[in-house]
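Position in the sequence shown (first residue = 1) + 73 = the numbering used here. Since the structure comes first, as structure tokens, the remarks are kept for the end.
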Amino acid sequence: MIETINKLVRTSRQMLHEIGREPAPEELADKLGMPLEKVRKVLKIAKEPISLET
Numbered sequence: 074m075i076e077t078i079n080k081l082v083r084t085s086r087q088m089l090h091e092i093g094r095e096p097a098p099e100e101l102a103d104k105l106g107m108p109l110e111k112v113r114k115v116l117k118i119a120k121e122p123i124s125l126e127t
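As structure tokens, then:
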């Protein structure tokens, strides 16, 4: 899962430089060849804080 999050973040940054704005989840899904729902789920997980005590 962490690899997927990192891949998504890396691609998002790359697209930000290419198109000059944050890419939409649909654009990320298309670029990565992932289902849209998976991209949305990973984006949601990536934004949630993670406890350092786990």
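Glycine residues also receive a C-beta, built at the ideal position from the N, C-alpha and C atoms.
One question on the structure: do I78 and V112 come within less than 7 angstroms of each other, judged by their Cβ atoms?
Locating residue 78 in the sequence shown gives position 5, counting from the first residue. Locating residue 112 in the sequence shown gives position 39, counting from the first residue. No, the pair does not count as a contact, with Cβ atoms beyond the cut-off.
What's the call for L81, buried or exposed, on a 16-neighbour Cβ count within 10 Å?
Counting from 1 along the sequence shown, the entry for residue 81 is found at position 8. Classification for L81: buried.
Applying the criterion that 16 or more other CB atoms from any shown protein chain within 10 Å of the CB defines a buried residue, is L125 buried or exposed?
Along the sequence shown, one-based indexing puts residue 125 at 52. When all chains shown are included, L125 counts as exposed.
Report back the beta-carbon spacing between T84 and L105 to the nearest angstrom; my notes put them in contact at under 8 angstroms.
Counting from one through the sequence shown, the residue named residue 84 turns up at place 11. Counting from one through the sequence shown, the residue named residue 105 turns up at place 32. Correct: roughly 6 angstroms between the Cβ atoms.
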